[in-house]
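Residue numbers (UniProt numbering): 1 to 322. Built from N, CA and C at the ideal position, the CB exists for glycine as well. Here the structure is a predicted model, which is why all the values come from computation and not from measurement.
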Amino acid sequence: MTADVLHDWNIGQISGSVSIGSHKLWLSVRGPDRNAGQPLVIIIPGLTSSTAGWAAVQRGLSPFTRVLQYERSGYGRSDCSPEKPTATTIAKELDLLLRKANLLPPYVIVAHSWGGILSREFLALRPRDIVGMVFVDANQDRTLEVLDWRPLALSDLMTGVDYDDATGISQSHKLTSDEWRIYKDTESTEQHRKQAELEITQYPHSFPILKSKAQLHRETPFLGDQPVCVIKGDNRVHLEKLLNAGLARGNCDDAKEIPFRNLLSTWDAKDRALQSEILLLTTKSRYMEVANSGHNVHLTEPESIVEGVKWALSEFHRQAEQ
Numbered sequence: 001m002t003a004d005v006l007h008d009w010n011i012g013q014i015s016g017s018v019s020i021g022s023h024k025l026w027l028s029v030r031g032p033d034r035n036a037g038q039p040l041v042i043i044i045p046g047l048t049s050s051t052a053g054w055a056a057v058q059r060g061l062s063p064f065t066r067v068l069q070y071e072r073s074g075y076g077r078s079d080c081s082p083e084k085p086t087a088t089t090i091a092k093e094l095d096l097l098l099r100k101a102n103l104l105p106p107y108v109i110v111a112h113s114w115g116g117i118l119s120r121e122f123l124a125l126r127p128r129d130i131v132g133m134v135f136v137d138a139n140q141d142r143t144l145e146v147l148d149w150r151p152l153a154l155s156d157l158m159t160g161v162d163y164d165d166a167t168g169i170s171q172s173h174k175l176t177s178d179e180w181r182i183y184k185d186t187e188s189t190e191q192h193r194k195q196a197e198l199e200i201t202q203y204p205h206s207f208p209i210l211k212s213k214a215q216l217h218r219e220t221p222f223l224g225d226q227p228v229c230v231i232k233g234d235n236r237v238h239l240e241k242l243l244n245a246g247l248a249r250g251n252c253d254d255a256k257e258i259p260f261r262n263l264l265s266t267w268d269a270k271d272r273a274l275q276s277e278i279l280l281l282t283t284k285s286r287y288m289e290v291a292n293s294g295h296n297v298h299l300t301e302p303e304s305i306v307e308g309v310k311w312a313l314s315e316f317h318r319q320a321e322q
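Structure representation (structure tokens):
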């Protein structure tokens, strides 16, 4: 069903475009009808990603909570933005979308990868409106300082390498055949590629900007006692598979392989420390590690994300009853 801003987005299963003034963004809302004061779960995908890969997570969540998925500017059916896709611009556009659609707080945010940065820029805009956050193998302020994955994953080493095939996601994902086809088709369009390139350009600049807001390491946690769940995938395993796939194609010589191997040799300890640091946002936290997923947990172990959201919602309701 297609709708406009005159529709009540808190009831029914509905999708459509909403104008935020400069252009239109596409959103889809599923799950039980929502009464005032009930949380809305908002999914924020990672760098260069649409919402198409989150179908299994939405299926797991929508029986018990209302879920909003939206396409960032330039992806899917959303218009391109007149502004560059900086993290602060993306957060501002999400804020406008929620206001124009009259989707009032409270919100529980599910954020993957660069979505961890985007979600915390949104948190900076709406600190009193977020009552829970679930970070899925998410970036944080110091990610590129500690674990800069770009020289490996965005290098010529990846020429001719299909990410999903090389990492085994093509076989281990939990999407239906139709959902997988839509996901692959959506992210292979020329418009998607162009928008992804724009995001990659803005990606590194977002980290110092967020860090300057000093949300971590506060005497009083930024989110107080609102629940924060961190889900860590085994990103090193997938990066190693990508490295091996690139080597098998002859894309890398021995001299270039050595720094990649060195990066991976210390990856786990550094990654665990970075993920754990996100928990400093709150006094009420949960940390989970998934055994059978790399970076894209939403594709291969969506049930872990559903579990994280259930926990965050249960903590919200428990606190509300006190």
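Within 10 angstroms of the beta-carbon of Arg66 lie 16 or more other beta-carbons, which makes it buried.
Between the alpha carbons of Val57 and Val18 lies a distance of about 23 Å.
With contact defined as three or more Cβ pairs closer than 8 Å, the segment 251-270 and the segment 197-215 are not in contact.
The beta carbon of Ala153 is closer than 8 Å to those of Leu239 and Leu242 in its chain, skipping five residues each way along the sequence.
Spatial neighbours of Ser62 in its own chain (CB-CB distance under 6 Å, excluding positions within 5 residues in sequence) are listed in chain order as Arg30 and Gly31.
Residue ranges of uninterrupted beta strand (DSSP E) with 3 or more members, entirely inside the segment 197-261 and ordered along the chain, are 228-232.
If you ignore the 5 residues before and after Ser293, its C-beta comes within less than 6 Å of the C-beta of Gly233, Thr300 and Glu301, all in its own chain and listed in chain order.
For Ser19, the secondary structure class from DSSP, reduced to helix, strand or coil, is strand. In the displayed model, Tyr183 falls within a helix according to three-state DSSP. In the DSSP assignment, His298 falls within the alpha helix (DSSP H) that extends over Val297 to Thr300. Under the DSSP assignment, Lys24 falls in the beta strand (DSSP E) whose first and last residues are Lys24 to Arg30.
Residue burial annotation: Gly76 is buried, with at least 16 other C-beta atoms found within 10 angstroms of its C-beta. Annotation note: the segment 118-175 contains the following uninterrupted beta strand (DSSP E) runs of length 3 or greater, listed N- to C-terminal: 130-136.
Membership of Ser276 in the alpha helix (DSSP H) is indicated by the continuous run Trp267 to Glu277. Val41 sits in a strand when the DSSP states are folded into three classes.
Secondary structure in the segment 42-99: the alpha helix (DSSP H) runs of 4 residues or longer, each lying completely within the stretch, are 55-61 in chain order. Only residues of its own chain outside the window of five on either side were considered, and among them Lys270, Ala273 and Leu274 have a CB closer than 8 Å to the CB of Val146, listed in chain order. Going by beta carbons, Ile278 and Phe122 fall outside the 8 Å limit. Excluding residues up to 5 positions away in sequence, Pro45, Gly46, Leu47, Ser49, Val136, Asp137, Ala138, Asn139 and His295 lie with their Cβ nearer than 8 Å to the Cβ of Ser113 in the same chain. Ile169 is positioned such that its CB atom lies no closer than 8 Å to that of Val110. An exposed status is given to Ser177, since fewer than 16 other beta-carbon atoms sit within 10 Å of its beta-carbon. Beta-bridge analysis with DSSP links Ile14 to Val29.
Collapsing the DSSP output to three states places Arg193 in a helix. Rounded to whole angstroms, Gly12 and Asp185 show a C-alpha spacing of 27 Å. Cβ contact annotation for Glu83 (same chain, cutoff 7 Å, sequence separation greater than five): Thr89, in chain order. Between Trp9 and Ala101, the CB-CB gap stays under 8 Å.
Annotation for Ala36: no beta strand (DSSP E) segment contains it, and DSSP assigns it neither H nor E.
A residue is called buried when at least 16 other Cβ atoms come within 10 angstroms of its Cβ; Leu125 does not meet this threshold and is exposed. DSSP places Ala111 in the uninterrupted beta strand (DSSP E) bounded by Tyr107 to His112. For the set Ile20, Glu315 and His192, the Cα lying nearest the Cα of Ala52 is the one of His192. With fewer than 16 other CB atoms across the displayed protein chains lying within 10 angstroms of its CB, Asp148 is exposed. When secondary structure is reduced to three states using DSSP, Ser293 falls in the coil class, being assigned neither helix nor strand. DSSP, read as helix, strand or coil, puts Ser314 in helix.
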